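Numbering of the sequence shown is given in our numbering, commencing with residue 184 and proceeding in unit increments. The block underneath contains the structure these notes are about, expressed in structure tokens.
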Amino acid sequence: MEGKIIVISSGKGGVGKTTATASIGAALAMDGKKVAVVDMDIGLRNLDVVLGLENRIVFNIVDVARGKCKLQQAAIKARRLENLFLIPASQSDNKDALTPDDMIRISKELRKSFDFILMDCPAGIERGFENAVAAAEEALVICTPEVSSIRDADRVIGLLFSKQIPPKLVINRIIPAMVERGDMLSYQDVVDVLSIDLVGLVEVDDNVVVATNSGTPLVLQKDSKAGQAFKRIAMRLNGQPDLPIEVPGATKSFWKRIGSKIGFGK
């Protein structure tokens, strides 16, 4: 059975695509799947830093495309997970160094060796996007509850449908207290606008910064709410689509809870 290729996209930069790619990839690897995470952001790679592998890069995906090395030589095994491998981007080339045809060819090889291949798509909808989606069968669209992020996600969803790649939605960086106050859009608001299947809700989490700076996958931190959410997303992708989605909820203050019991603070 050949591996499945999933592109992780957003349109807008800075919404947490790379953290999502690393976290979901690590969670799938923890579940016994052999996983490749592929950094498609040619010229501005970051996935290697998130995984703490920046000092182990010898070859990259452009080298594979140009025949300078074999795919196995470019694949770097994660430090803490046996089944997780990184195919890094090149820092010295631009996005024109790869073509969609290159990615279709490389993807055929990846499918033979891995159960899941996660493509970390660069921001924008130009060549980098075209390369990342070239061989994808499914897509995860990462979106935050902000109008600019939702608008860009909507544009990307339209492009994915035009390429017959079914997208699913992950809403990232939810701040429950702001949602409760009406200062942030609720997940229902976002789903209503984008009208695609929801696969996960991820609460904002300081552990993301800790994980990135230490090069430790977020899902290995037991006290990380975001890490747990990404684990559940991975489970849904890996044969448990009906797993309930947990909605991040603000913890009411002591006085608000007491007030609710006696009829105040509602």
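Each residue gets a CB set at the ideal place from its N, CA and C atoms; glycine is no exception. All of these numbers come straight from a predicted model, not from anything done at the bench.
Does DSSP put residue i in a helix, in a strand, or in coil?
i: G208; result: helix
i: P283; result: helix
i: R288; result: helix
i: A261; result: coil
i: M213; result: helix
i: M184; result: coil
Label residue i either buried or exposed according to how many other C-beta atoms from any shown protein chain fall within 10 Å of its C-beta, with 16 as the threshold for buried.
i: V330; result: exposed
i: N243; result: buried
i: I287; result: exposed
i: E265; result: exposed
i: K200; result: buried
i: S275; result: exposed
i: D366; result: exposed
Return the CA-CA distance between residue i and residue j, expressed in angstroms with no decimal places.
i: R356; j: Q371; result: 15 Å
i: A248; j: I428; result: 39 Å
i: P350; j: V324; result: 6 Å
i: L267; j: D298; result: 11 Å
i: E185; j: A319; result: 13 Å
i: N277; j: I225; result: 6 Å
i: L343; j: D380; result: 14 Å
i: V402; j: T327; result: 20 Å
Quick check: residue i and residue j, are their CB atoms within less than 8 Å of each other?
i: S193; j: D388; result: no
i: I450; j: M302; result: Residue 450 cannot be examined here, being either before or after the span of the chain that is shown, 184 to 449.
i: V362; j: V385; result: no
i: V220; j: L269; result: yes
Please confirm whether any heavy atom of the ligand FMN lies closer than 7 Å to the CB of residue i.
i: M302; result: The ligand FMN is not part of this structure, which contains no ligands at all.
Inset, instruction - Within the stretch 348-398, note down every full alpha helix (DSSP H) run reaching 4 residues or more, in order along the chain. - result: 359-364, 370-377, 390-397
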